[in-house]
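Asks: This is the structure, below, for whatever I ask next.
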Amino acid sequence: MKTISFRLPRTRGFTLLEMIITLAIFVLLAAAVFGMLTGIIESTGTLQDNQNRTDQISALNAYMKNKLEGMPVASSLVSYQRGDGEGLVQNGIVYGTANFASVIDAKVQANGYYTLRLATFSTTSAPGEPQDARQVLAQDASSDDPSLVWTPLVKDIKTLDWKFLDFNQTQWVDLWTSSTKPNLVEFSLQPASDLQLTTMDFWLPKIDAINLNTTAQSTQPTQPTQPIQPTQPTSPTQPTRP
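Counting from 1, position 188 in the sequence shown corresponds to residue 181 in the working numbering; the numbering is continuous, with no gaps.
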């Protein structure tokens, strides 16, 4: 009697080389997808930063327009140099009155760009004998006094420049140290992400606006004159009879 044996077919598995090649392809695809996602996230963050910087510049323009063009007659404006910043002619301006003054200053960042910042000073809060707020603030800003409290306005500025013009002169000047206010102030800046300059122009009136709202004086209405009554005609006299 013959014995019949059945042999099951032998299944072939993956070789080590095939598994290594598959794993390498998977790693390459995962790296490509991760790189694309990282680029999209970075691009979105860059666009958001640029939009925020544009909004900050628009708010700065509105703020400076309100403050500079609304300066009273007793106020003044000067620019100053601190010496930091490559190619920076002036660091900022100090404007205001003897009691309250403000400074807009450019400070160098660690990456070589500038941060535009704001600080104020009031003589009412200063101890001792009152001083001119403009002089105190200009001295503290020129020496970068650490006691000043700064509010950042715009960051990552590549270049910035101030220019001033008096109508009695024919050319713009880079520094303004006169005791009188200039007629025009031009401020230009270039953010790190922009290729073009953003220029702002401000007109500084040297006289106060005239208030045309005068109070009307109350006057008593005059009584109308009475019309003249016509006289009654007299009857003719009768002739006498002879």
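We treat Cβ as the ideally placed atom computed from N, Cα and C, and that holds for glycine.
Determine which residues share a DSSP beta bridge with Ser143 and list them.
Replies: A small correction: the amino acid at residue 143 is Trp; Ser does not occupy that position in the sequence shown. In DSSP, Trp143 forms no bridge with anything.
Asks: So what does Asp154 bridge to, in DSSP terms?
Replies: DSSP output for Asp154 lists Ser181 as bridge partner(s).
Asks: Go through its chain and collect everything with a Cβ distance to Lys151's Cβ below 7 Å, but skip five positions before and after it.
Replies: Tyr106, Gln183, Pro184 and Ala185
Asks: Given Ala67, which residues of its chain have a CB within under 6 Å of its CB, disregarding the five upstream and five downstream residues?
Replies: Thr90
Asks: Is it buried or exposed for Val87, if we count other Cβ within 10 angstroms and need 16 for buried?
Replies: buried
Asks: Can you find the residues in the same chain that come closer than 7 Å, C-beta to C-beta, to Ile97, ignoring five residues on each side of it along the sequence?
Replies: Gly85, Ile86, Leu109 and Leu111
Asks: Please report how far the alpha carbon of Phe93 lies from the alpha carbon of Leu168, in whole angstroms.
Replies: 22 Å
Asks: Can the beta-carbon of Phe180 be found closer than 8 Å to that of Trp196?
Replies: no
Asks: Between which two residues does the beta strand (DSSP E) harbouring Val87 extend?
Replies: Gly85 to Gly89
Asks: Using C-beta distances below 8 Å, list every residue in its chain close to Lys58, excluding the 5 sequence neighbours before and after it, in chain order.
Replies: Met193 and Phe195
Asks: I need the straight-line Cα distance from Ala24 to Ser51, nearest angstrom please.
Replies: 41 Å
Asks: What does the alpha-carbon distance come out to for the pair Leu146 and Leu53?
Replies: About 7 Å.
Asks: From the DSSP output, in three-state form, read off Lys174 for me.
Replies: DSSP, read as helix, strand or coil, puts Lys174 in coil.
Asks: Go to Ala99, then tell me how far its beta strand (DSSP E) extends in each direction, as first and last residue.
Replies: Phe93 to Val101
Asks: Below 7 Å, is the gap between the Cβ of Val66 and the nearest heavy atom of the ligand ADP?
Replies: Absent from the structure shown: the ligand ADP. Ligands present: none.
Asks: Does DSSP classify Asp133 as helix, strand or coil?
Replies: helix
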